[in-house]
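Pasting the structure below:
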């Protein structure tokens, strides 16, 4: 396969494979064009929900990275995901040297965009994308909770996830 191509084919597993050890990587051929693709197991993290994130004393906002990978693309980069929690308190400034997508799960997160002077009031279901160079201030009058994905390595490892990552998913 050439870089950037996606291999989407039907998987044919012999009957003995269906009942045997299924935790190895399988190689198979496309029935359409003869391309060879390798199956890669997914990563599952058990108990990564927001109820496991402690809010540090003296801080009103925290992040907890729970998974990071180095991509296998032509220009490798990190993709890290985790949770963001904020409670009432002082504004939390952020100047982005990476991209971030944030999806609000509960509460309200206010984001002052310093480029425009506009404060966005994000509520559950709202999505925000922060570009390299974005400069913002986060705040809330109550509390807010969001899931995020960023293009940087782990910075704030989740303190309560040790032992929750499964080795390999079952195919």
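Residue numbers (our numbering): 159 to 329.
We treat Cβ as the ideally placed atom computed from N, Cα and C, and that holds for glycine.
1. Name, in chain order, the residues that DSSP records as bridge partners for residue 258.
2. Considering only residues of the same chain and omitting the five flanking positions on each side of residue 282, which have a CB-CB separation below 8 angstroms?
3. Kindly indicate which residue of 241, 229, 257 has the alpha-carbon position closest to the one of residue 315.
4. Going by Cα to Cα distance, which pick from 239, 288, 226 is closest to residue 271?
5. My guess is that residue 254 and residue 302 are in contact by the Cβ rule of under 8 angstroms, so how many angstroms apart are they, rounded?
6. Under DSSP, the beta strand (DSSP E) around residue 232 begins and ends at which residues?
7. What residues are listed by DSSP as bridge partners for residue 294?
8. Are residue 219 and residue 299 touching if we call contact CB-CB under 8 angstroms?
9. Which of the three DSSP states, helix, strand or coil, is assigned to residue 187?
10. Pull up the distance between the alpha-carbon of residue 243 and that of residue 221, whole angstroms please.
11. Could you tell me the alpha carbon to alpha carbon distance between residue 257 and residue 280, rounded to whole angstroms?
12. Which residue comes first and which comes last in the beta strand (DSSP E) that contains residue 280?
13. DSSP state of residue 266, grouped into three classes?
14. For residue 184 and residue 226, what's the separation of their Cα atoms in angstroms?
15. When the Cα atoms are used, what is the spatial distance from residue 250 to residue 230?
With the given structure in hand:
1. 288, 308
2. 262, 263, 264, 265
3. 241
4. 288
5. That pair is no contact at about 18 angstroms.
6. Element bounds for residue 232: n/a, residue is neither H nor E.
7. 252, 271
8. no
9. Residue placement at residue 187 is flagged as unreliable, the pLDDT there being 45, under the threshold of 50; a coordinate-derived value is accordingly withheld.
10. 7 angstroms
11. 18 angstroms
12. 276–280
13. coil
14. Caution applies to residue 184, whose pLDDT of 47 falls short of 50 and renders its modelled position unreliable; the value that the coordinates give is listed next. Residue 184 and residue 226: Cα-Cα distance of roughly 24 angstroms.
15. 33 angstroms
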